[in-house]
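Visitor:
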Amino acid sequence: MKNNITTLICCLLALLASCSKQQTDFRDLLGGHEIVYTGLVGQVIEKPGNLRTILTWKKSSDPSIVKYVIFYNQKDSVVVDVTDKKDSVSATITNLEEAVYTFTIYSYDAKGNKSVPKLLNAKVYGPIYQASLLNRPYNGDVPYVAFDNGKVELNFNKPDTVNVTTKVKYTTTANTIKEVDLAPTDSILNLNDYKPGTEITYRSFYKPTRNAIDIFSATADAVFPQVYFNILCDKSLFRELSLPNDVGTLAESPLRNLWDGSVGPQGYPNIYHSQGNVPLPHTISFDMGKIYNNLSILEETGRNCCHNPDQFEVWGIADISNAATTLPANDAGWKDEAIRKGWTLLLDAVRTDDGSAAKKFELIKNPPPVRYIRIRVKHNANGDTNQSNMSELSFWNGQ
C-alpha cells in the first residue's frame, strides 16, 4: 500500500513537470523569453480599384492589439491604428502598379508582439485593363428604329457581364447636349427629343469585379450609326422625262399623274396608262427635280382594276449625261447596258397581290446620289404583256 502511494506521488510530480515544460518550451530558442502572439488576422476581403485597393477584415477580439501593419513589395507598408469604435478594420493602399500583389498582414500589441502572418494575393487594375475595354456593341442588323413622330429607338446587343452602364450623348431638338444612361439589363434606349441629322456618341463603363471600388470606361467614345428619318420627297419638283426606248402614254393619262397626290387606286383616266401594244418589259423615266443622297422607300399604287405591275425594277442615277440606253427594255442585254451607263438598281420589286393597293418597298441600303428614276415594268398581275397602269408613286429620302 505504501509503495502504491509513493508511485502515485511520483506520477503527479512528473505530470506537473511536463505541464511546466509545455508552457515554457517556446522559450528554448529565445534565451528563455516568452513568445507572445497577438490575435490572428481573420478573413480578408479585397476590393480592387484603379491603381489602388482596399483590404477589409473583422477586428480581432484580442484586446491587446493596437495596430495592424500591411507589408507588400518587400519594402512598403501601411499602418492601421485600432480604434474601439469600429468592428472591422479597413486599409486603402494607393500608388500601386497594375499587377498581382502579395499582401502580408500582422497585428501588433503595444509591446511590439505580432501575430502569425496573414497572406493575401490581390490583383490591382489600371491602364492595361482599361485599354482592353470595348464599348457595348449596337445591333448591327437593326441599329435603330425612327418613328414619324420624331421618336428614335436605339438598339444594343447584350453587354459584358461586368458592364455597369453605357452613357449616350446626343443633341436635342432644343439644341442642347443631353446624356442618358443605358442599363446593362436594357437593350433599347428611347430618345424622344433627338434632333435629326445630329451625331450620337456613347461610352461604356465597367467594373473589373462586382466589389471593385472604381469604375473604368472604354478609352474613347463610339459613334452610333447615323439615324435617318424618312422624309417624303417633294413631288412638286417631279417632271416627266422621255429617254430613248421609253414607252409612251395615252394623252389623257400622262406620266405626271403618278405624282399628282392621289390616294389609293384610281380609275381611268386619273392614272398613268402606257400606250398599247408595247411588249413588256418596258420603261418609264422621270426627273425628281433634285439630288437625293439616301433614297430609302418607294410606295407604289396600282390602278383600281387591271394592268398593274407585280414585277418591276427601279433604277436611279444622279446625272443623265451619256446615260441613255440604246437597247429596248425587253432586250436580254438591257440590264447590263444600264449598269455600264451608270444606272444603279435600287429595287427589284415583286408583289403577290393584284397590284392595286398602295405598297411600300425598301430600297437598297447606302444608295448613290439619285435624281433621275427609271422604272422597268416586267410583268403584270393580270398577265397582260403589252401595257401597264399605275396610280401613284411616292419616294422617301432618309435624312
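Residues -23 to -1, 1 to 376 (mature numbering (1 follows the signal peptide of the UniProt record, and there is no 0)) make up the sequence shown, in order.
Just so it is clear, CB atoms sit at the ideal spot from N, CA and C, and this is done for glycine as well.
The model shown is predicted, which means the values in this text are computed figures rather than measured ones.
Apart from the five residues on each side of it in sequence, which residues of its chain come closer than 8 Å, Cβ to Cβ, to Ile22?
Guide: As a working note, residue 22 is residue 45 in the sequence shown. Excluding residues within five positions, the ones whose Cβ falls inside 8 Å are Leu32, Thr33, Trp34, Asn188.
Visitor: Thr362 and Pro256: beta carbons closer than 8 Å?
Guide: The residue labelled residue 362 in the question sits at position 385 within the sequence shown. The residue labelled residue 256 in the question sits at position 279 within the sequence shown. Closer than 8 Å, so yes.
Visitor: Apart from the five residues just before and just after Pro221, which ones in its own chain have a Cβ nearer than 8 Å to its Cβ?
Guide: Counting from one through the sequence shown, the residue named residue 221 turns up at place 244. Contacts found: Ala301, Thr302, Thr303.
Visitor: Cα-Cα, which of Val43, Ser84, Thr329, Lys267 is closest to Phe372?
Guide: In the sequence shown, the residue the question calls residue 372 occupies position 395. Per the Cα distances, Lys267.
Visitor: Assuming Phe338 and Leu275 are in contact, meaning their beta carbons sit under 8 Å apart, how far apart are those beta carbons, in whole angstroms?
Guide: Numbered from its first residue, the sequence shown carries residue 338 at position 361. Numbered from its first residue, the sequence shown carries residue 275 at position 298. Indeed, because the Cβ distance is near 5 Å, the residues count as touching under 8 Å.
Visitor: Using beta-carbon positions only, say whether residue 377 and Leu166 come within less than 8 Å of one another.
Guide: The question about residue 377 has no answer here: the residues shown for the chain are numbered -23 through 376.
Visitor: Assess, as a yes-or-no matter, whether the segment 104 to 113 is touched by the segment 83 to 92 under the definition of 3 or more beta carbon pairs within less than 8 Å.
Guide: Short answer: they don't touch.
Visitor: At 3 residues or longer, what runs of the beta strand (DSSP E) sit wholly inside the segment 281 to 314?
Guide: Those beta strand (DSSP E) runs which fall completely within the segment 281 to 314 and span 3+ residues are 286 to 294.
Visitor: Suppose the cutoff is 7 Å on Cβ atoms and the five residues either side in sequence are ignored; what does the same chain contact list for Asn234 look like?
Guide: Here residue 234 is taken as the residue at index 257 of the sequence shown, counted from 1. For Asn234, where only same-chain residues beyond five positions count, the Cβ hits under 7 Å are Asn247, Ile248, Tyr249.
Visitor: Determine the DSSP secondary structure at Gln107, reduced to helix, strand or coil.
Guide: As a first step, residue 107 is located in the sequence shown; it is residue number 130 there, counting from the start. Gln107 falls in the helix class under three-state DSSP.
Visitor: Since I believe Val46 is in contact with Val59 (beta carbons under 8 Å), could you give me their beta-carbon distance rounded to a whole number of angstroms?
Guide: Sequence index remark: in the sequence shown, residue 59 carries index 82 (1-based). Sequence index remark: in the sequence shown, residue 46 carries index 69 (1-based). So it is not a contact: roughly 11 Å between Cβ atoms.
Visitor: Rounded to the nearest angstrom, how far is the Cβ of Glu217 from that of Thr278, given a contact under 8 Å?
Guide: Working through the sequence shown from its first residue, we reach residue 217 at position 240. Working through the sequence shown from its first residue, we reach residue 278 at position 301. About 18 Å separates the two Cβ atoms, so there is no contact after all.
Visitor: Within the same chain, show all residues whose beta-carbon is closer than 6 Å to that of Thr178, passing over the 5 residues directly before and after it, in chain order.
Guide: What you label residue 178 is simply residue 201 of the sequence shown in a count that begins at 1. Within the same chain, Thr178 has close Cβ partners Lys146, Asp198, Val200.
Visitor: Please identify the residue among Trp320, Gly19, Ser365, Asn357 whose C-alpha is closest to the C-alpha of Tyr349.
Guide: Translated into positions along the sequence shown, residue 349 becomes position 372. Measuring from the Cα of Tyr349, the nearest candidate turns out to be Trp320.
Visitor: Identify which residue in Tyr205, Thr186, Arg29 has its Cα closest to the Cα of Gln376.
Guide: One-based indexing of the sequence shown puts residue 376 at position 399. Nearest option by C-alpha distance: Tyr205.
Visitor: Under the rule that 16 or more other beta-carbon atoms within 10 Å means buried, what is Gly253, buried or exposed?
Guide: By 1-based counting over the sequence shown, the position of residue 253 is 276. Classification of Gly253: exposed, given that the 10 Å Cβ count is below 16.
Visitor: Can you tell me whether DSSP reads Arg233 as helix, strand or coil?
Guide: Numbered from its first residue, the sequence shown carries residue 233 at position 256. Of the three classes helix, strand and coil, the one that applies to Arg233 here is helix, per DSSP.
Visitor: Looking at the unbroken beta strand (DSSP E) that takes in Ala68, where does it start and where does it end?
Guide: Counted from its first residue, the sequence shown places residue 68 at position 91. Element bounds for Ala68: 65 to 70.
Visitor: Give the straight-line distance between the Cα atoms of Arg353 and Ala315, rounded to the nearest whole angstrom.
Guide: Translated into the one-based positions of the sequence shown, residue 353 becomes position 376. Translated into the one-based positions of the sequence shown, residue 315 becomes position 338. Their backbone Cα atoms lie some 11 Å apart in a straight line.
Visitor: Mapping the DSSP letters down to three states, classify Ile352 as helix, strand or coil.
Guide: Taking the first residue of the sequence shown as position 1, residue 352 is located at position 375. Strand at Ile352.
Visitor: Of the residues Ala326, Ile297, Lys336, Leu322, which one's Cα is nearest the Cα of Ser219?
Guide: As a position in the sequence shown, residue 219 is number 242, starting the count at 1. Residue Ile297 is the option with its Cα nearest to Ser219.
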